[in-house]
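K.L.:
In the numbering used here, the protein residues as written are 7 to 615.
Note that the Cβ used here is the ideal one computed from N, Cα and C, for glycine as well.
None of these values were measured; they are calculated from a predicted model.
Before I ask anything, here is the structure I am working with.
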């Protein structure tokens, strides 16, 4: 712009072109529900209108350009749904479709009525609950204020784990509610289990293909195309492309007489450049125990040399049955679907009865490895048929127990070894046994970081935190303390830890005592359930300190829970409800809303399993 033009425009602006208060209010009201792309279009339209004069009209083609945006929303707890949504975005963009990718937490649910096409990728948290980021969207959509959506085309891709009762419940909720509001399903909802990659790829391909013609029609837009950049650098190491890191340490940190075998694991990331934040998880790929595989092969009356076809890294390959069972197939965690398959194949009366009830089958699967099921009900099966009914190995996720500010190129884990006896034989967990018993110092282990933006320390270092982590749930809080020390955070820290006995199971006892001595750890309450006749748990300690717990929450404390989802997390949640109800003088329903508000504001975060 020339100097004299700039001067002229400035004078005009100062005299007559500024909006008055009423006009500005109307403009803000009109644009508050616009997406980023819609705001960009509106900006271009207004610019064009100013060039063409007062009588300029919206061009139909420009209207079409806005309507041809595909909005992709992801509701992710640990990052899987976000990863799938990015794959979907890449596929759609490659097909020439304009995409608006958003975390569902950053999306105004009312905007659905202005959308033409929405695809939702949603995981399910806990007992059928939406991920933390999706709580408000879920409540709005299922509530009375949700608008009718006759002009919306949509579909849902749901992620879950079939070993849980409420499999893919969040995705089902979204799908059923959108349908009830009048939206049109453009592709059937896909419910994905833990080995979701292949199914997701097929769904993405077919869905994008079905939308391509409708969303890539030629249209002239008055606004420039706006590219939506993805914030943050992505690591080159992923679930599909893990880092081969050096295994350094496996140290037992429970006592000789403990009923548990808990290991402190250290892995050297070397010069890989792989980084993590406290609150993240480490994904660990593992190999099945060869002795267990040999036992399973014998139960199948096979040799292990039989050839089977498996899809590996996107390509179908022919390998031996034994190699498939060691490196590629899940045999230590049993899916309910396998119980149904083996019951039908063996025609075993007892197993058929188990399989007939989904809850019973789910519980049975959770307590029996594949070899136990096969040994219990004999059946002849072709090796290919057998492997076709097993799930692919999926990496195990462990809460990271270190802060990189403290340990630099290392990553630490706290791993409880899964072990039990069945029919006189010891059964060991696949990944925990691999880390604790089969890996040796200096060997390589394939790892990647699973970022968890729903389990983060407060941005303000002055904010107090309450940490509740019994057993191996202590892991992320060890990382929290290392980070708070490294940044010299001034906020108070209160730790609740519990386990079976003080002498055998006080994980990282010396470290906690040192933090108390230095003053970094403000308070610590412990509950050792078997050190007295009456069992005492962390929720009991919370109730004993109820007044102070509520006082901390009222002054802005962030609350964190890590550990067992089935009992501990539920019991702790109930204790918190009672504490808030009593000391906040609220009804139980109001106390639940209080906690719900904390979750929405990222002040009540869970890492449960």
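Pairs of beta-carbons, one from the segment 112 to 127 and one from the segment 135 to 150, closer than 8 Å: are there three or more?
P.N.:
Judged by Cβ distances under 8 Å, the segment 112 to 127 makes contact with the segment 135 to 150, as three or more pairs qualify.
K.L.:
If you reduce the DSSP assignment to three classes, tell me which class residue 293 lands in.
P.N.:
Counting from 1 along the chain shown, the entry for residue 293 is found at position 287. Correct three-state label for residue 293: coil.
K.L.:
With a threshold of 6 Å on Cβ separation, who are the neighbours of residue 224 within its own chain once the five nearest residues in sequence on each side are excluded?
P.N.:
Start at 1 with the first residue of the chain shown, and residue 224 comes out as number 218. Note that residue 224 scores a pLDDT of 47, beneath 50, so its modelled location is shaky and nothing firm can be said.
K.L.:
Beta-carbon separation of residue 441 and residue 385 under 9 Å?
P.N.:
The residue labelled residue 441 in the question sits at position 435 within the chain shown. The residue labelled residue 385 in the question sits at position 379 within the chain shown. No, Cβ-Cβ distance for residue 441 and residue 385 is not below 9 Å.
K.L.:
Counting along the chain, where does the alpha helix (DSSP H) carrying residue 360 start and finish?
P.N.:
In the chain shown, counting from the first residue as 1, residue 360 sits at position 354. Note, residue 360: alpha helix (DSSP H), 355 to 361.
K.L.:
Find the nearest neighbour of residue 200 within the set 487, 413, 401, judged by alpha-carbon distance.
P.N.:
As a first step, residue 200 is located in the chain shown; it is residue number 194 there, counting from the start. Nearest C-alpha to residue 200: 401.
K.L.:
Mapping the DSSP letters down to three states, classify residue 97 as helix, strand or coil.
P.N.:
Locating residue 97 in the chain shown gives position 91, counting from the first residue. Residue 97 falls in the helix class under three-state DSSP.
K.L.:
Is it buried or exposed for residue 521, if we count other Cβ within 10 angstroms and need 16 for buried?
P.N.:
Position 515 of the chain shown holds residue 521. With 16 or more other Cβ atoms within 10 Å, it is buried.
K.L.:
Excluding five sequence neighbours on each side, which residues of the same chain lie with their C-beta closer than 6 Å to the C-beta of residue 90?
P.N.:
Within the chain shown, the letter at position 84 stands for residue 90. If we look at residue 90 and ignore the five residues flanking it on each side, its Cβ neighbours are 127, 206.
K.L.:
What's the gap between the Cα of residue 404 and the Cα of residue 222?
P.N.:
Working through the chain shown from its first residue, we reach residue 404 at position 398. Working through the chain shown from its first residue, we reach residue 222 at position 216. Rounded to whole angstroms, residue 404 to residue 222 spans 43 Å at the Cα level.
K.L.:
State the Cα-Cα distance for the pair residue 260 and residue 416, rounded to the nearest angstrom.
P.N.:
Position 254 of the chain shown, counted from the first residue, corresponds to residue 260. Position 410 of the chain shown, counted from the first residue, corresponds to residue 416. So the two alpha carbons sit approximately 22 Å from each other.
K.L.:
Please go through the segment 306 to 346 and give each complete alpha helix (DSSP H) segment of 4 or more residues, from N-terminal end onward.
P.N.:
With a minimum length of 4 residues, the continuous alpha helix (DSSP H) runs that stay inside the segment 306 to 346 are 327 to 333.
K.L.:
Is it buried or exposed, residue 495, if we count other Cβ atoms within 10 angstroms and call 16 or more buried?
P.N.:
Counting from 1 along the chain shown, the entry for residue 495 is found at position 489. Answer is buried; the Cβ neighbour count reaches 16.
K.L.:
Please report the straight-line C-alpha distance between residue 419 and residue 174, rounded to a whole angstrom.
P.N.:
Sequence index remark: in the chain shown, residue 419 carries index 413 (1-based). Sequence index remark: in the chain shown, residue 174 carries index 168 (1-based). Spanning the two alpha carbons is a distance of roughly 29 Å.
K.L.:
Keeping to the same chain, check which residues put their C-beta closer than 7 Å to that of residue 410; ignore five residues upstream and five downstream.
P.N.:
By 1-based counting over the chain shown, the position of residue 410 is 404. The residues are 281, 282.
K.L.:
DSSP beta-bridge partners for residue 434?
P.N.:
Start at 1 with the first residue of the chain shown, and residue 434 comes out as number 428. Its beta-bridge partners are 425.
K.L.:
Taking 9 Å as the cut-off, decide whether the C-beta atoms of residue 475 and residue 502 are in contact.
P.N.:
Numbered from its first residue, the chain shown carries residue 475 at position 469. Numbered from its first residue, the chain shown carries residue 502 at position 496. Yes, the pair counts as a contact, with Cβ atoms nearer than the cut-off.
K.L.:
For a cutoff of 9 Å on Cβ pairs, would you count residue 386 as touching chain B?
P.N.:
You won't find chain B in this structure, because it holds only one protein chain.
K.L.:
DSSP on residue 192, reduced to helix/strand/coil?
P.N.:
Counting from 1 along the chain shown, the entry for residue 192 is found at position 186. It is coil, neither helix nor strand.
K.L.:
To the nearest angstrom, how far is it from the Cα of residue 478 to the Cα of residue 484?
P.N.:
As a first step, residue 478 is located in the chain shown; it is residue number 472 there, counting from the start. As a first step, residue 484 is located in the chain shown; it is residue number 478 there, counting from the start. Whole-angstrom Cα-Cα distance: 11 Å.
K.L.:
Go through its chain and collect everything with a Cβ distance to residue 239's Cβ below 6 Å, but skip five positions before and after it.
P.N.:
Numbered from its first residue, the chain shown carries residue 239 at position 233. Residue confidence is low: residue 239 scores 48 on pLDDT, short of 50, so the model does not pin down where it sits. No coordinate-derived value is stated.
K.L.:
Under a three-way DSSP split, which group does residue 467 fall into?
P.N.:
Indexing the chain shown from 1 puts residue 467 at position 461. In this structure, residue 467 counts as coil in the three-state DSSP scheme.
K.L.:
Can you give me the C-alpha to C-alpha distance between residue 600 and residue 575, rounded to a whole angstrom?
P.N.:
Counting from 1 along the chain shown, the entry for residue 600 is found at position 594. Counting from 1 along the chain shown, the entry for residue 575 is found at position 569. Using only the alpha carbons, I get a separation of about 17 Å.
K.L.:
In the structure shown, what three-state DSSP assignment does residue 615 receive?
P.N.:
Looking up residue 615 in the chain shown gives position 609. It is coil, neither helix nor strand.
K.L.:
Which same chain residues end up closer than 7 Å to residue 603 when comparing Cβ atoms and leaving out the 5 residues on each side of it in sequence?
P.N.:
The sequence position of residue 603 within the chain shown is 597, counting from 1. Same-chain partners within the cutoff: there are none.
K.L.:
Where does residue 206 fall in DSSP's three states?
P.N.:
Looking up residue 206 in the chain shown gives position 200. Residue 206: helix per DSSP, three-state reduction.
K.L.:
Could you check which residue in 203, 506, 559, 396 has the C-alpha nearest to that of residue 538?
P.N.:
Taking the chain shown and counting its residues from 1, one reaches residue 538 at position 532. When each option's Cα is compared against that of residue 538, the closest is 506.
K.L.:
Could you tell me the distance, in whole angstroms, from the CA atom of residue 467 to the CA atom of residue 549?
P.N.:
Taking the chain shown and counting its residues from 1, one reaches residue 467 at position 461. Taking the chain shown and counting its residues from 1, one reaches residue 549 at position 543. If I take the Cα positions, the gap works out to 27 Å.
K.L.:
Given residue 5, which residues of its chain have a CB within under 6 Å of its CB, disregarding the five upstream and five downstream residues?
P.N.:
With the chain covering 7 to 615 only, the question about residue 5 has no answer from this structure.
K.L.:
Leaving out the 5 sequence neighbours to the left and right, which residues in its chain are closer than 7 Å to residue 615 when beta-carbon positions are compared?
P.N.:
For the purposes of this step, residue 615 is identified with residue 609 of the chain shown, where counting begins at 1. 571, listed in sequence order.
K.L.:
When DSSP labels each residue in this structure, what does residue 484 get in the three-state scheme?
P.N.:
Locating residue 484 in the chain shown gives position 478, where the first residue counts as 1. It is helical.
K.L.:
Roughly how many whole angstroms lie between the Cα atoms of residue 526 and residue 284?
P.N.:
The residue given as residue 526 occupies position 520 in the chain shown. The residue given as residue 284 occupies position 278 in the chain shown. Approximately 17 Å, taken between the alpha carbons.
K.L.:
When you compare the CB positions of residue 434 and residue 423, do they come within less than 9 Å of one another, or not?
P.N.:
One-based indexing of the chain shown puts residue 434 at position 428. One-based indexing of the chain shown puts residue 423 at position 417. A contact, by the Cβ cut-off of 9 Å.
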